[in-house]
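Numbering (the numbering used here), first residue to last: 671 to 1102. Everything on this sheet refers to the single structure shown next.
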Ligand SMILES: [Zn+2]
């Protein structure tokens, strides 16, 4: 087996890639103009029509899309095709509690799975591998994406989903999993569990594809050492399709973007100006062949750098660094997107004021997530039983909103540190 899923595409010349992008972009703009009134209005506001877009050099003329647009157009406003052609949704949490719902046609799913297949083959995956997919399945894109890619490569796929560590380890050892796909923090947790149980000699893993949250080179080395594998990064977001928008290869120096499907730009997050290759800025994606949810110039809010150097793997796709930060206040905690505004919404619903602090840390390679909440003077209770009860209620309400468990601590009124009278909302102690 070769090391590419689609060699003629993945190693195409840069001229060839640009020519595909030009052709697909022009077609996509017409498609969106004809089928998505929301986007046509945005183009008209900027005074442009499809005739103004003749190649990727004209991309900068198009308006940006942001999460606010997704919220405004929710649920069907950005749909690029009849619902009868859609076969799937995936979803992620949005800013003020409204979720992002992305739609897929059969062809969209096909392309997404091909992107994930490329990622699996880039880490050496073949039809002889046993691929354990321990990302969540369901609305979250991690499980379904890698599952589809694994099928395409022909691996024996173990659709484990996340959690249930005992069962993960049993299948991993009994069925001899060779590739593990999950969040890096879960990989670290599995590694720890393997050592605790003395199973290190019984595992056959040789590669891991770890994404959906930020992780450092140190964490990569820790995981590689404790599991005896090579650990690779993968990147994606539900709005654009899911994991596999870009993926790491054997060089482990950044992720190749699947440029036959997505055009990447780096912009100045403050001015929106397009920055030259090699600059650090906000990553923006244009989907050039998505049918159902064709986002154009979507601002990811991830800060990174793009570079197109010759890569030892032979792939010609441009590479992006790991996201180095965000241009908004979104936190990624245990692979889940968390916005402070969501926490605020829950607190107000539950009768608290918006005086809170989010403390995030990483202990033993796992994110800890604590929310300190000031009680209002009239809720203030020195009855310990009552406080514990109130904390439990908040834990449940936050879980319902965010999809992950936070530790909640109610604190006395006015006890959260304020600078210039304003509470410091987020303390992120993770060194990543
Ligand atoms: Zn490469």
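C-beta: ideal position from N, C-alpha, C; glycine also. Keep in mind that this is a model prediction, so the values were computed, not measured.
Quick one: is residue i buried, meaning 16 or more other Cβ sit within 10 Å of its Cβ, or exposed?
i: residue 805; result: buried
i: residue 917; result: buried
i: residue 817; result: buried
i: residue 833; result: exposed
i: residue 1033; result: exposed
i: residue 778; result: buried
i: residue 903; result: buried
i: residue 940; result: exposed
i: residue 634; result: Residue 634 lies beyond the residue range present for the chain, which begins at 671 and ends at 1102; the question has no answer from this structure.
i: residue 730; result: exposed
i: residue 967; result: buried
i: residue 749; result: buried
i: residue 697; result: exposed
i: residue 671; result: Confidence at residue 671 is low in this model, with a pLDDT of 44, below 50, so its placement is unreliable and no value can be given for it.
i: residue 739; result: buried
i: residue 678; result: exposed
i: residue 810; result: buried
i: residue 890; result: buried
i: residue 783; result: buried
i: residue 946; result: exposed
i: residue 860; result: buried
i: residue 799; result: buried
Return the residue from the list the options that minimises the CA-CA distance to residue i.
i: residue 1101; options: 732, 1036, 991 and 760; result: 1036
i: residue 878; options: 894, 747, 776 and 1059; result: 894
i: residue 1156; options: 898, 996 and 1007; result: With the chain represented from 671 up to 1102, any question about residue 1156 goes unanswered, as that position is not in the structure.
i: residue 802; options: 703, 782, 853 and 994; result: 853
i: residue 808; options: 873, 722, 752 and 762; result: 762
i: residue 687; options: 869, 1084, 947 and 958; result: 958
i: residue 913; options: 946, 820, 1034 and 1018; result: 820
i: residue 1018; options: 690, 1098 and 1071; result: 1071
i: residue 999; options: 984, 1096, 798 and 1057; result: 1096
i: residue 712; options: 734, 980, 867 and 825; result: 734
i: residue 689; options: 698, 726 and 1085; result: 726
i: residue 932; options: 948, 965 and 946; result: 965
i: residue 948; options: 1088, 910, 989 and 812; result: 989
i: residue 857; options: 871, 880, 865 and 848; result: 880
i: residue 728; options: 699, 974 and 861; result: 699
i: residue 793; options: 979, 781 and 900; result: 900
i: residue 736; options: 770, 1053 and 1048; result: 770
i: residue 796; options: 1061, 813, 825 and 812; result: 825
i: residue 1007; options: 1075, 1086, 724 and 695; result: 1075
With the cut-off set at 8 Å, would you say residue i and residue j are in Cβ contact?
i: residue 1068; j: residue 1078; result: yes
i: residue 756; j: residue 962; result: yes
i: residue 1044; j: residue 1026; result: yes
i: residue 680; j: residue 788; result: yes
i: residue 987; j: residue 970; result: no
i: residue 1005; j: residue 887; result: no
i: residue 772; j: residue 923; result: no
i: residue 1046; j: residue 1083; result: yes
i: residue 976; j: residue 1020; result: no
i: residue 943; j: residue 937; result: yes
i: residue 911; j: residue 952; result: no
i: residue 927; j: residue 950; result: no
i: residue 682; j: residue 708; result: no
i: residue 1028; j: residue 1013; result: yes
i: residue 675; j: residue 823; result: yes
i: residue 839; j: residue 869; result: yes
In this structure, does DSSP put residue i in helix, strand or coil?
i: residue 1011; result: helix
i: residue 950; result: strand
i: residue 858; result: helix
i: residue 916; result: strand
i: residue 936; result: strand
i: residue 850; result: strand
i: residue 999; result: coil
i: residue 708; result: helix
i: residue 922; result: coil
i: residue 908; result: coil
i: residue 977; result: strand
i: residue 990; result: strand
i: residue 785; result: helix
i: residue 1128; result: Summary: the structure shown does not reach residue 1128, with the chain confined to residues 671 through 1102, and so no result is reported for it.
i: residue 772; result: strand
i: residue 966; result: coil
i: residue 800; result: strand
i: residue 882; result: coil
i: residue 671; result: Bear in mind that a pLDDT of 44 at residue 671, under 50, signals an unreliable position, so the model cannot answer this.
i: residue 735; result: strand
i: residue 1050; result: coil
i: residue 829; result: strand
Exercise. Ligand 1: which residues have Cβ under 6 Å from any of its heavy atoms, chain order?
Worked result: Sorted by chain position, residues whose beta-carbon lies closer than 6 Å to a non-hydrogen atom of ligand 1 are 919, 921, 926, 981, 983 and 985.
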